[in-house]
Amino acid sequence: MARSTHKQLNALSIFLLGIDGIIGSGIFLMPSRVYAKLGDLSMVVMPLAGIAILSIALCFANLASKIPGDGGAWLYTYTAFGRFAGFEIGIFTWLLGIITMATEISAFVTSLRSLFPVLNQHGPYLITALGILAALTGLNLMGSGFMDWVDNVSTITKVGVLVAFVVIGLFFIHPANLGNLTGSPAATPLFSRFNQGFGMVFYMFTGFSFLPIAASKMKNPEKMLPRALISVLLTTAGLYLVVQLTAIGVAGSGLAAANVPIAVAFSHFAGTVGYDLALMGMLISILGVALSVSFSTPLIASSLASEHQLLPRTLGRQNKRGVPLQSLILSVVICALFLLSGNYLFLASCIVFTSFVQYVPTIFAAIKLRHHSKLPVGFKLPGGLTIPVLALLVTMYLTLSISVTLVLTGLGIFLVSALWYLYDDRDRKANGLERDISAKDRPF
22 MARSTHKQLN ALSIFLLGID GIIGSGIFLM PSRVYAKLGD LSMVVMPLAG
72 IAILSIALCF ANLASKIPGD GGAWLYTYTA FGRFAGFEIG IFTWLLGIIT
122 MATEISAFVT SLRSLFPVLN QHGPYLITAL GILAALTGLN LMGSGFMDWV
172 DNVSTITKVG VLVAFVVIGL FFIHPANLGN LTGSPAATPL FSRFNQGFGM
222 VFYMFTGFSF LPIAASKMKN PEKMLPRALI SVLLTTAGLY LVVQLTAIGV
272 AGSGLAAANV PIAVAFSHFA GTVGYDLALM GMLISILGVA LSVSFSTPLI
322 ASSLASEHQL LPRTLGRQNK RGVPLQSLIL SVVICALFLL SGNYLFLASC
372 IVFTSFVQYV PTIFAAIKLR HHSKLPVGFK LPGGLTIPVL ALLVTMYLTL
422 SISVTLVLTG LGIFLVSALW YLYDDRDRKA NGLERDISAK DRPF
């Protein structure tokens with residue numbers, strides 16, 4: 022997640038910020054799950070998903086260069102389609118932060134199962150997850166003064182572990198392990214398994230969407246942001262490919278059953294020391310991301326309430342430490358409900374779906390606003406409508422990996438949010454309060 026910034030970011034800072042935002046628990050836990058679905062074809066899906074999501078990222082870059090305010094998808098949607106649409110996407114942006122927090126906590130507990138098998142039982146799993154959530158809440162109440170330090174430690178740890186794994190592991194690859202082209206034998210057709218695997222890998226790239234939110238803190242964002250998105254996504258895709266290649270080449274078919282695949286693969290050539298190093302690095306990085314998200318997520322709701330008048334006023338109130346207490350409590354309660362699922366893969370699929378909800382209106386906003394006379398030209402998408410159309414096709418294909426249950430749940434959230442919006446609208450009108458956000462955020 023993006024850390025707070027008080028000066029304009031240079032090219033290197035933007036690149037590192039992007040790498041930090043994308044690389045999370047996915048690369049530590051997903052390689053075995055994707056391999057179980059697709060075998061060696063999982064290596065093809067890694068760069069393919071990165072290139073596919075680049076088309077979506079370029080739509081974000083286009084809009085960020087035209088609309089420099091902090092806000093991302095919801096602000097672009099608001100600018101293009103009005104207040105209610107912006108409100109709904111704002112709700113899903115907030116929800117994405119909550120689900121990400123739940124997913125990282127779940128990833129942390131899932132990683133501990135190799136050390137404490139009792140966590141395979143739902144009761145102990147849930148108690149541990151809720152305990153971590155309570156600890157994160159307590160740290161939130163103390164304020165955010167140490168978040169830069171946490172982010173730095175998390176970033177250095179996760180990148181360091183992955184680089185060490187690849188640099189050393191490449192010398193221990195056994196060519197005989199690279200012969201499983203279609204995954205484990207299963208009755209499920211390859212096309213269906215490919216869709217599921219693509220959704221898992223797609224989840225590993227979803228962190229890119231925070232980078233355009235920092236556009237206003239960049240030097241020449243119309244030039245630097247597109248370059249940063251391209252370089253970050255291609256670098257990450259390349260790293261994921263090499264990590265997957267190393268894990269398969271070292272661990273072979275045994276990778277499919279590994280709960281913590283990178284740690285298991287590391288142990289094949291570095292023994293217990295390698296396993297412990299990878300596991301410790303993974304736990305530190307996951308916990309760092311969870312802590313960072315737990316701080317930023319309530320601030321999303323607070324900003325939507327206090328700065329943009331898109332949520333009830335009470336959610337924007339902050340205590341003496343600058344903590345939006347009501348937003349924090351509500352975020353934690355919703356996060357706890359998601360943790361009840363006890364399923365890391367389910368939560369990851371929720372992130373994919375919630376991201377999908379933000380991508381579609383953003384792509385349509387890029388199409389609608391590409392020649393708007395009251396907005397700056399910004400970064401022009403090459404090929405006219407080619408990239409937005411490609412991005413739309415990618416998001417539509419993504420629906421093949423999303424369950425009907427998630428879609429129905431999303432529709433339910435949309436309807437509940439709409440009722441909430443109508444109630445808050447009436448409340449504001451009754452009290453003579455402004456409902457719209459400032460004119461500078463929507464210049465026409």
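Mind the numbering: the sequence shown is residues 22 to 465 in my numbering, read in order. We put the CB at the ideal spot given by N, CA and C, even for glycine. Note that the coordinates shown come from a computational prediction; the quantities given were computed from them, not determined experimentally.
Per the coordinates, the alpha-carbon of residue 39 lies some 8 Å from the alpha-carbon of residue 228. Residue 190 and residue 280 have their alpha carbons spaced roughly 19 Å apart.
The closest CA to that of residue 340, considering only 323, 329, 192, 355, is found on 323. DSSP places residue 58 inside the alpha helix (DSSP H), whose first and last residues are 47 to 59.
Judged by beta-carbon spacing, residue 353 lies within the 8 Å limit of residue 158, meaning their Cβ atoms are closer than that value. Residue nearest to residue 385 within the set 315, 288, 449, 412 is 412 (criterion: CA-CA distance). Burial is judged here by how many other beta carbons sit within 10 angstroms of a residue's own beta carbon; residue 390 has at least 16 and is buried. Taking C-alpha positions only, residue 297 is separated from residue 284 by approximately 7 Å.
For residue 330, the closest alpha carbon among the candidates 50, 146, 453, 212 is that of 453. Under the three-state reduction of DSSP, residue 332 is assigned to coil, being neither helix nor strand. By the C-beta density criterion, residue 58 is buried, having at least 16 other C-beta atoms within 10 angstroms.
In the DSSP annotation of this structure, the continuous segment of the alpha helix (DSSP H) that includes residue 289 starts and ends at 282 to 327.
When C-beta atoms of the region 180 to 188 are compared with those of the region 344 to 361, fewer than three pairs fall below 8 Å, so the two segments do not count as touching. Under the Cβ criterion (8 Å, minimum of three pairs), the region 51 to 69 does not count as touching the region 394 to 408.
Taking C-beta atoms under 8 Å as the contact rule, residue 257 and residue 47 fail to qualify, at a distance of about 11 Å. Between residue 327 and residue 337, the gap from beta carbon to beta carbon is short of 8 Å. Remark: C-beta atoms of residue 318 and residue 122 approach each other more closely than 8 Å. A distance below 6 Å between beta-carbons, with the five flanking residues on each side excluded, links residue 217 to the following residues of its chain, in chain order: 58, 422. Taken atom to atom, the span from the alpha-carbon of residue 351 to that of residue 81 is near 29 Å. Going by beta carbons, residue 114 and residue 379 fall inside the 8 Å limit. Per DSSP, the unbroken alpha helix (DSSP H) holding residue 85 starts and ends at 63 to 87. Annotation: residue 230 to residue 112 spans about 16 Å, alpha carbon to alpha carbon. Rounded to whole angstroms, the Cβ separation of residue 84 and residue 383 is 7 Å, and the two are in contact under 8 Å. Taking the Cα positions, residue 355 is about 36 Å away from residue 408. Relative to the Cα of residue 34, the nearest Cα in the group 63, 399, 248, 364 belongs to 248. Its Cα nearest to that of residue 161, the residue 316 stands out among 316, 446, 381.
By alpha-carbon distance to residue 401, the top candidate from 154, 417, 245, 239 is 245. Straight-line measurement puts the Cα of residue 263 at about 15 Å from the Cα of residue 196.
If you draw a straight line from the Cα of residue 436 to the Cα of residue 447, it comes to about 17 Å. Counted as a single uninterrupted DSSP element, the alpha helix (DSSP H) harbouring residue 379 occupies residues 365 to 389. CA-CA distance, residue 49 to residue 212, rounds to 25 Å.
Burial of residue 44 is indicated by the presence of at least 16 other C-beta atoms within 10 angstroms of its C-beta. By the beta-carbon neighbour count (other beta carbons within 10 angstroms, threshold 16), residue 155 is exposed.
Residue 244 sits in a helix when the DSSP states are folded into three classes.
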